[in-house]
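Written below as structure tokens is the structure these notes are about.
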Amino acid sequence: MRGRSGLRFDSTGDSGVICCVHVRAGAATPGSLAPGAPVLDRNRRPGPGRGREARRLKKRVERIVKVVNDPGIHLRSASTFVKTAAHFKADVWVMKDGVEVNGKSILGVISLVAEYGSSITIRAKGTDEAEAVSTLATLVENRFYE
Amino acid sequence: MATSGSRVLRGVAASPGIAVGKVYILELEELHIKEKNLTPEEVGPELTRFKAALATTRDEIEQVKDTIRQELGSEQAKVFDAHMQILDDVVAVEETVRVIREERKNAEFAYRRTLSKIAEEFDALEEEHFRSTAADVRDVKRRVIRHLLGKPRRSGADISGQVVLVAHDLTPSEAAFLTHDTVLGIATDSGGRTSHAAIMARARGIPAVVGLKYATLHVKQNDTLAVDGNRGLVEVHPDDQALTDYERRRIQYRELEGALQHIRELPAVTPDGRQIELSANIEMPEEAQLALDRGARGVGLFRTEFFYMKSARLPSEEEQYEAYRKVAELMHPYPVIIRTVDVGGDKFASYLGTERENNPFLGWRGIRFSLERTEIFKIQLRAIFRAATVGNVKLMFPMISSLDELRQANEICREVKDELRSKRVPFGDNCEVGIMAETPAAVFIADSLAREADFFSIGTNDLIQYTLAVDRGNEKIAHLYEPLHPAILRSIRTLVDTGHKHDIWVGVCGEMCGDPAGAVILLGLGLDEFSTSPYLLPEIKTIVRSVTYAEASELAQRALCLSTAAEVRRFVEEKIASRFPQIALP
């Protein structure tokens, strides 16, 4: 792995509220940040399990897209992404390599290091979730219209 | 020349021109923050204060954005959209609010801790395009904290008179406020030719050197600092002689700029009729026009690392072909010498499999990389040969240290041409193929290489580094990096004489030919071509046009008989000062 340590964002998934979780220390206590703990904590998204959680995960609106702009989703393109995401009421998440971040946080999106050629999953939940996902996916596929 | 008390630092030439002035260190005004514990009653008002500071900062960024948009266009203004989003970033804001509310800390402490940690996490990234976000985060952080501390005046607002600005780095916001009226020159520790500071400095005509690494450590407020934006050097505490020289060179540069229209049309020929091919080193295709505008008669070194380093993927054949073709068409009928990729050394990319090595300059780089990754090499060669149909394109291999390498590379060229021929793709069959002569080994086997290469282009930077075993980036020994060392002069003479004996031309594409004393010696040693930074072309051409070849040869012959670098330097500088007082020595 290249230079990924330290940058860890967390999405709690359900509520859509990003909060900081002290993952490294083991017991994840949302809302408590030990001195020296990373602020941009990120969490592994739970895989589909059984029961209600699995059914909920199956219903979610998401799309996998390939990053086709150079050099990837860095400051400028992340800025466009977040600006577009902000137009929707739905909560938006972006996932890469099993790490998911709030799609309305520019710092979260950049921290994914979604380089040219990588694949990301865009997911949304809320009244306009379908439109949000398709608009954002189209944006990525069209190189952010840069 | 640096004297005792003075110190020369080397960086990246980011914006041309010469400036001398008193140092103003931008980051001296550190924002001092005290950690305070709040009583429960104070938490509410503290949150209100924090939100108010965010709102004020929002207005401020909006204003900067408008200014930049009007002056430099909306593309440059986009970065401030991103700053606005960092300001309003849900993670940053919510974590700060949490620290205020739950840990009951004051807003400036909470915000600084949060944003500093975020910035540090970006610092740890390896991919530069993503890592650079750290600087943007810190920029926003400083704005907000200034407002929280009730210091709305930004650092630098108290500059009186004209100064040379020294900073670790210039944030987009800081760079946006630099004006010609107050800032004579800029020197920064970090950054490259495409960083905000460099773009802004060029747009506003302020000389700048970036990437100096330790400039802020070596200067104090009000020190005298000279910035040479043409050569990428700064000098701290220049002595009286040096100050006079800088002033002469500053005036000379401005005169040359003023007379550029005239100068660029003049031939680079000595008074006694020896013609020098004067061409430019470029890194990006866009620089070809700049080179032409400044009188280049060709591109003597087209570095191609840019294509490989700008993103984490291989540049396609079409992409490279288009870029080479454009430069070749623009330069036609003048030559364009494309150097095949020289990754490795200080340029590594994990996607290419090149890594930080213990001894990178003696490692897997240049032609060594290309001969092992032939699939990558062939794509580049195809693009170059195809571009050779529309212009005068030549190619050269970097870091050749044995005849085997040249033979293998030439063999791959033949294979590529055969493939193109069999697929009926048009290509330039007569493209000259030469080598960068930059290793001591290449000097010793110059005769064998000359039989199988079409030209030598001497890369003096690496030749000096390898011959003298000096890493000029190492401050403790940087003074040992001496282009006029007898070993270097003798190596160059060997390369020139051997090349000429085998009827091939010999040029120089290192920094040595951009130095006045170096240029005179190289002229005297019989070089056929000089290739240097576009900004130095008018100055070097004026030197070529004022020194006779006969005198330069005599000077070079006598310099070759001297035994130490100091003797050579003294001899050459005295000679130049007495014989060619019009040449301003750096």
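Chains A and B, in that order, are what the protein sequence lines are.
Converting from the first sequence to the working numbering requires adding 216 to each position, the first position being numbered 1.
Converting from the second sequence to the working numbering requires adding 209 to each position, the first position being numbered 1.
Glycine is no exception: its CB is placed at the ideal position from the N, C-alpha and C atoms.
On a predicted model such as this, the values are computed, not experimentally measured, just so you know.
Taking 9 Å as the Cβ-Cβ cut-off, the segment 502-531 of chain B approaches chain A at K519, S520, A521 and R522, given in chain order. R292 of chain A belongs to the set of residues whose beta carbon lies under 7 Å from a beta carbon in chain B.
Across the segment 322-349 of chain A, CB contacts with chain B closer than 8 Å involve I322, L323, G324, I326, S327, V329, E331, Y332 and G333, in sequence order along the chain. Along the segment 285-358 of chain A, the beta strand (DSSP E) occurs as fully enclosed runs of 3 or more residues at 307-312, 315-318 and 335-341, listed in sequence order.
Taking 7 Å as the threshold, the shortest C-beta distance from E495 of chain B to chain A does not fall below it.
Beta-bridge partners of E444 of chain B (DSSP): B:V217 and B:A435. In terms of Cα proximity to S611 of chain B, the closest of B:G572, B:A655 and B:V599 is B:A655.
Taking 7 Å as the cut-off between beta carbons, the residues of the segment 305-318 of chain A near chain B are N318, in sequence order. The C-beta of V781 of chain B has 16 or more other C-beta atoms within 10 Å across all chains shown, which makes the residue buried. Nearest to M409 of chain B by alpha-carbon distance, out of B:K422, B:A659, B:I395 and B:R699, is B:I395. Taking all protein chains shown into account, G438 of chain B has 16 or more neighbouring C-beta atoms within 10 Å of its C-beta and is therefore buried.
In the structure shown, G226 of chain B adopts coil according to DSSP, grouped into three states.
Taking 7 Å as the threshold, the shortest C-beta distance from E244 of chain B to chain A does not fall below it. Of the other Cβ atoms in all chains shown, 16 or more fall within 10 Å of the Cβ of S295 of chain A; this residue is therefore buried.
Within the segment 277-290 of chain B, K287, V288 and D290 place their CB atoms closer than 8 Å to a CB of chain A, listed in sequence order. By the Cβ rule, the segment 599-611 of chain B counts as touching the segment 535-548 of chain B, because three or more pairs are nearer than 8 Å. Chain B places a beta carbon closer than 7 Å to that of V298 of chain A, counting this residue as a contact. DSSP places M645 of chain B inside the beta strand (DSSP E), whose first and last residues are V642 to A646. Contact annotation for L689 of chain B against chain A: no contact, minimum CB-CB distance about 34 Å [criterion: below 8 Å]. Taking the beta carbon of K320 of chain A as reference, the chain B residues within 8 Å of it are V299, listed in sequence order. Under DSSP, W573 of chain B forms no beta bridge with any residue. Within the same chain, L387, T388 and H389 come within 8 Å of R413 of chain B by CB-CB distance, once the 5 residues on both sides are set aside. The beta-carbon of Q294 of chain B is placed less than 7 Å from the nearest beta-carbon of chain A.
Closest in C-alpha terms to H446 of chain B, from the list B:I697, B:S215, B:C622 and B:R267, comes B:S215.
Following the DSSP letters along the chain, one finds K282 of chain A inside the beta strand (DSSP E) bounded by residues V277 to K282.
V545 of chain B and G507 of chain B have their C-alpha atoms spaced approximately 6 Å apart. Distance from the CA atom of R574 of chain B to the CA atom of E336 of chain B, rounded to whole angstroms, is 20 Å. Annotation: Cβ neighbours of D345 of chain B in chain A (cutoff 7 Å, chain order): L291. Of all residues in the segment 327-361 of chain B, only I327, E329, E330, F331, D332, A333, L334, E335, E336, E337, H338, F339, R340, S341, T342, D345 and V346 place a beta-carbon less than 9 Å from a beta-carbon of chain A.
Judged by DSSP in its simplified three-state form, P524 of chain B adopts coil rather than helix or strand. Under the rule that a run must span 4 or more residues, the alpha helix (DSSP H) segments found entirely inside the segment 401-428 of chain B read 405-413 and 424-427. Contact check for D286 of chain A and Y332 of chain A: beta-carbon distance about 5 Å, within the 8 Å limit, so the pair qualifies. Around the beta carbon of D502 of chain B, fewer than 16 other beta carbons lie within 10 angstroms, which makes this residue exposed. With 16 or more other CB atoms across the displayed protein chains lying within 10 angstroms of its CB, R548 of chain B is buried.
The beta-bridge partner set that DSSP reports for K360 of chain B is empty.
Distance from A306 of chain A to K341 of chain A at the Cβ level is roughly 6 Å; contact confirmed, criterion being Cβ atoms closer than 8 Å.
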